[in-house]
């Protein structure tokens, strides 16, 4: 099985599992999964968030997801418990499809490392 086929299979399985857990089986898209990761990283899963906080949560998730790739590094938690990251390296310019593959790979690795999937 090629790397791409392996990633696709893991992504499809993860997407289905998350969709069943968080969206009553309706397929969650990439942005929705990134949002769930942001809520997880903030550690306030039962809180209701306003629109601007939802964007902040997605930013937290992206920083956390790309941290193992050397693009971001955790810096500190602010007084409200929100994590902050610093940029270590600018992201390369990627085409939309390449961005999607990078994020899916980072998400799959995140959930493997957190023992949510194998």
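Numbering (my numbering), first residue to last: -4 to 113.
Every residue gets a Cβ at the ideal spot worked out from N, C-alpha and C, and that includes glycine.
Counting only the same chain and skipping the five closest in sequence on each side, list residues whose C-beta sits under 6 angstroms from that of residue i.
{"i": "residue 68", "result": "81 and 83"}
{"i": "residue 119", "result": "In the structure as shown, the chain begins at -4 and stops at 113. Residue 119 is therefore absent and cannot be evaluated."}
{"i": "residue 45", "result": "none"}
Starting from residue i, follow its DSSP beta bridges and name the residues at the other end.
{"i": "residue 87", "result": "None; residue 87 has no bridge partner."}
{"i": "residue 99", "result": "According to DSSP, residue 99 bridges with nothing at all."}
Measuring only the C-alpha atoms, how far is residue i from residue j?
{"i": "residue 98", "j": "residue 60", "result": "8 angstroms"}
{"i": "residue 14", "j": "residue 101", "result": "18 angstroms"}
{"i": "residue 27", "j": "residue 50", "result": "11 angstroms"}
{"i": "residue 71", "j": "residue 77", "result": "8 angstroms"}
{"i": "residue 6", "j": "residue 25", "result": "10 angstroms"}
{"i": "residue 107", "j": "residue 94", "result": "20 angstroms"}
Round the Cβ separation of residue i and residue j to the nearest angstrom and send it over; I've been treating them as touching at under 8 angstroms.
{"i": "residue 40", "j": "residue 104", "result": "Actually they do not touch by this definition, with Cβ atoms about 21 angstroms apart."}
{"i": "residue 112", "j": "residue 9", "result": "5 angstroms"}
Counting only the same chain and skipping the five closest in sequence on each side, list residues whose C-beta sits under 7 angstroms from that of residue i.
{"i": "residue 57", "result": "29"}
Using a Cβ-Cβ cutoff of less than 8 angstroms, which residues in the same chain neighbour residue i once the five nearest sequence positions on both sides are dropped?
{"i": "residue 86", "result": "61 and 66"}
Minimum length 3: unbroken beta strand (DSSP E) runs contained in the segment 7 to 72: 67 to 72
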